[in-house]
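Residue numbers (this note's numbering), protein chains in the order written: chain A, 494 to 991; chain B, 86 to 388. Taking it in order: structure first as structure tokens, then the write-up.
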């Protein structure tokens, strides 16, 4: 029998939760007996489902403070208009002919607003993944696999990034049972911000995690390059002019040479007699100076002189200077020609430090971004209105604003309500699954109460904000980087009433 | 430290009580005066339940052993309910009184309310899916089971109970619930004479749904998962990969054998076992209506 009243201090990696008499020790990454409080990296956080975003709570505040519940609880402490009910943990009423789990109304600056929240079951959904890298991940349209199962394919190479399309109805429900399950699992993990290992047929093995640097064939991609070698010449020609005789920017795609490049010519940079091994595209721009790799600028080059031929003795002069640098600024070397016109490496002169640093400074950290994409144009709409197409029209007419877990959703033009949302802007663990298989994701529709009534909304099911707050168990600070869902600038009627 | 809290969900008929890991949703029907006095009594009793349990946690976490006469016994009213319930199952099975904690709290509060308000026609105390019930003649409960982990519509089930059925406790246990499990069942729902018995039985049946040494079943020492667990030293299931239909059937069959044994001994009245979409049902109470169980009943469907 324990009679101890003063507990021993918590071990280093554990927090002692004092929210209730159980006083659990909670290890990092675990939750207490109640599953309500958890240790996230040494900080006690509240994590039960059904999330409320609270604009009144300063971002960065501890999440633990929670509206006191009690018989004499004053509903007025909820500042109307500063609280937004999200669908995270709200549940769903599949199939959706019943009203959505929460239809909440509140007064926002004199306009009676209603938010219909539901966790949609999306069997027609996927994620679009942008991977900041110039490395070759695999040919376009080749399959991307997780656990050996096809879960998507390689799309296009975009500026400094490779795009993958994962999920979609054909992988979720069109293939084998295992394919569907693995696809569902992959989508859920990516959307919840977990790391997933993917392999591309005839391509790379990747570790992708939203908001984190990609790991490609075991190597973490540190930075996005500033641009290709030619672009880098264009950006920095002015800063090099007069400080060095020539510059070579080494890059796997296009290697640039200042003295031959249009940017150098315009400035009046003299020819230097340099020759580059590689296939010349246009003056000062060379393809394929080396093989792809993990060396300089995404090539396999470790000694930059290997991409140079002999200098032309009719043009080059002894003492002539040359800067070689990669497109991330991570590698650089400075040379001067000796009497035999051979480059000899010297320390980088002070005057060139700035330009090398600036290349590095202009490279953004390489990141994976994951956009959840799903169609909410189906039966889910029936949870909102008796006449589903009216919801679609209301969204298109900007009378209804769509969010996913409070984060803004981009609504695609054209038919249906096809939305995309950045999963890193949504509350943690917003996504779930059902064994159909399909992804369960939060979605909220916010509009004026009058517009809700006009589109055939389930008016009987509308509850007040304090009523909904009774059921809410998780309260999060709203984030400075996402627009507040009830800002009237989202709505077409702002012109009339705003 | 936060104390116990109580809030009306529906003024006069449904109340939410919360303290630490305990959440009760209590619904009462009957004359207004009876409901009023019952809720007051339930609230008065509830406020000290958690401190009482915390004070004797070491005893409550000690495995029950019917053959050990000097084993310390729980002293608090809820602790005694827990100890009594699990002693009926102890012996061959590993079990600690904690296996019946949720159901015992529900039974305790129901009885505290009924003691002062016998005029209530219906009462339920739902402790996170472990439910203590009270019915009078002519009344019935229609209890919906929402399969939270498994939302395919066909998995939902409904069971209708009348006083004549004699069921006063329902509980659900399994991997999709909050507690650690030694087995792989997604959920096991049990109908019994009281919630404490249902709770203990659901835990044991869920533990018996298992595939020992199967590579798709990942286990971890309980203390790795929860340093304070009463299951310290036991291997708890932390992940179950996809299983083939025969494997699922095999795991369910071993759980069913234990459930049948409990039914034969009169310890429980019925059970439904769910694993990866397959269902096993046993017992005498309208079993066909229990299509499947879940980690928690959708309390708003208890009506």
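Built from N, CA and C at the ideal position, the CB exists for glycine as well.
The segment 892 to 909 of chain A and the segment 735 to 753 of chain A do not touch, with fewer than 3 CB-CB distances between them shorter than 8 Å.
In the structure shown, residue 357 (chain B) adopts extended strand secondary structure according to DSSP, grouped into three states. By the C-beta criterion, the segment 877 to 893 of chain A is judged not to be in contact with the segment 665 to 681 of chain A, since fewer than 3 inter-stretch pairs fall below 8 Å. Residue 311 (chain B) belongs to the set of residues whose beta carbon lies under 8 Å from a beta carbon in chain A. Annotation: residue 920 (chain A) to residue 864 (chain A) spans about 14 Å, alpha carbon to alpha carbon. Using beta-carbon distances, residue 930 (chain A) does not count as an interface residue toward chain B, since no partner is under 8 Å.
Under a 10 Å Cβ-count criterion, residue 805 (chain A) is classified as exposed, with fewer than 16 other Cβ atoms of the shown protein chains found around its own Cβ. According to the DSSP secondary-structure assignment, residue 93 (chain B) is paired through a beta bridge with B:100. Spatial neighbours of residue 952 (chain A) in its own chain (CB-CB distance under 8 Å, excluding positions within 5 residues in sequence) are listed in chain order as 945 and 946. For residue 526 (chain A), the residues of chain B that pass the 7 Å Cβ criterion are 106, in the order they occur in the chain. Per DSSP, the continuous alpha helix (DSSP H) segment holding residue 333 (chain B) begins and ends at 330 to 349.
If you draw a straight line from the Cα of residue 649 (chain A) to the Cα of residue 839 (chain A), it is about 41 Å long. Contact with chain A is found for residue 362 (chain B), since one of that chain's Cβ atoms lies less than 8 Å from the residue's Cβ.
For residue 672 (chain A), the enclosing alpha helix (DSSP H) stretches over residues 670 to 684. Put simply, the CB of residue 136 (chain B) is near chain A, with a gap under 8 Å to one of its CB atoms. Secondary structure of residue 839 (chain A) (DSSP, three-state): strand.
By the rule that beta-carbons nearer than 8 Å mark a contact, residue 327 (chain B) touches chain A.
Using a Cβ distance threshold of 8 Å, residue 628 (chain A) and residue 700 (chain A) do not count as a contacting pair.
Contact annotation: residue 266 (chain B) and residue 322 (chain B) have beta-carbon atoms nearer than 8 Å.
Going by DSSP, residue 935 (chain A) is part of the beta strand (DSSP E) stretching over 931 to 941. For residue 698 (chain A), the CB contacts under 8 Å within the same chain, skipping 5 residues up- and downstream, are 690, 691, 692, 709, 710 and 711 in chain order. Below the 8 Å Cβ cutoff, chain A contributes no neighbours of residue 211 (chain B), its closest Cβ being approximately 15 Å away. The way I'd put it, the segment 980 to 987 of chain A doesn't touch the segment 172 to 184 of chain B; fewer than three beta-carbon pairs between them come closer than 8 Å. Around the beta carbon of residue 798 (chain A), a 10 Å sphere encloses fewer than 16 other beta carbons of the protein chains shown; the residue is thus reported as exposed. Residue contact with chain A for residue 139 (chain B): present (Cβ-Cβ distance below 8 Å to some residue of chain A). Contact check between the segment 712 to 726 of chain A and the segment 855 to 864 of chain A: three or more CB pairs, one atom from each, fall below 8 Å, which counts as touching. The C-alpha of residue 506 (chain A) lies about 6 Å from the C-alpha of residue 520 (chain A). Excluding sequence positions up to five before and after residue 137 (chain B), its CB lies within less than 6 Å of the CB of 161, all in the same chain and listed in chain order. Nearest in C-alpha terms to residue 282 (chain B), of all of B:176, B:113 and B:189, is B:189. For residue 114 (chain B), the beta-bridge partners assigned by DSSP are B:207. For residue 87 (chain B), the closest Cβ of chain A is nearer than 8 Å. Residue 340 (chain B) is positioned such that its CB atom lies closer than 8 Å to that of residue 293 (chain B). The criterion of a C-beta distance shorter than 8 Å is not satisfied by residue 119 (chain B) and residue 251 (chain B).
Contact annotation: the segment 161 to 170 of chain B touches the segment 124 to 137 of chain B, with at least three C-beta pairs closer than 8 Å. A straight line joining the alpha-carbon of residue 786 (chain A) with that of residue 982 (chain A) spans about 48 Å.
Of all residues in the segment 509 to 522 of chain A, those with a C-beta nearer than 7 Å to a C-beta of chain B are 511, 512, 513, 514, 515, 517, 518 and 520, reading in chain order.
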